[in-house]
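The next block holds one structure in the form of C-alpha cells; read it before the comments.
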C-alpha cells in the first residue's frame with residue numbers, strides 16, 4: 070500500500086493529509102459530502118450577527134452525515150439478520 074499526500078478544502082479551509090492511495094476517491098467524496106451538507110445548513114440558516122457561525126454549520130453537517138451513516142449501517146444489519154433468519158428457517162424446514 071502506498072501513501073499519497075492530498076489537499077482537501079472543507080468549510081473553506083485547506084487541509085493537507087497523508088492517506089492510503091486506495092482511499093483517495095472515498096476521502097475526496099467524503100469531503101465533498103461534508104461541504105454539500107454545510108451548504109445545505111448555510112442556505113437554511115444564513116449567517117447573522119446573532120445567528121449560527123461556521124463552526125455550527127460544520128457541527129450540523131457532521132451530525133447529519135453520521136446519522137445517515139448509522140441508518141445505513143442499521144439497514145445492513147437488519148438485512149443480514151433477515152438473511153440469517155431465512156437460512157435458519159430453511160434448515161428447520163429440511164429437518165422436519
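Residue numbers (our numbering): 70 to 165. We put the CB at the ideal spot given by N, CA and C, even for glycine. As the structure is a computational prediction, the values presented were derived from the model and not from experiment.
Residue 136 and residue 123 have their alpha carbons spaced roughly 20 Å apart.
Per the coordinates, the alpha-carbon of residue 132 lies some 43 Å from the alpha-carbon of residue 161. In the three-state reduction of the DSSP assignment, residue 73 falls in the strand class.
Counting every other CB atom within 10 Å of its CB across the protein chains shown gives residue 126 a total of 16 or more, marking it as buried. For the set 79, 129, 120, the Cα lying nearest the Cα of residue 98 is the one of 79. Residue 148 counts as exposed, since fewer than 16 other C-beta atoms from the protein chains shown sit within 10 angstroms of its C-beta. Inclusion of residue 134 and residue 102 in the CB contact set at 9 Å is warranted, their separation being smaller than that value.
A straight line joining the alpha-carbon of residue 153 with that of residue 138 spans about 23 Å. If you look at residue 126, you'll find it in the alpha helix (DSSP H) that goes 123-164.
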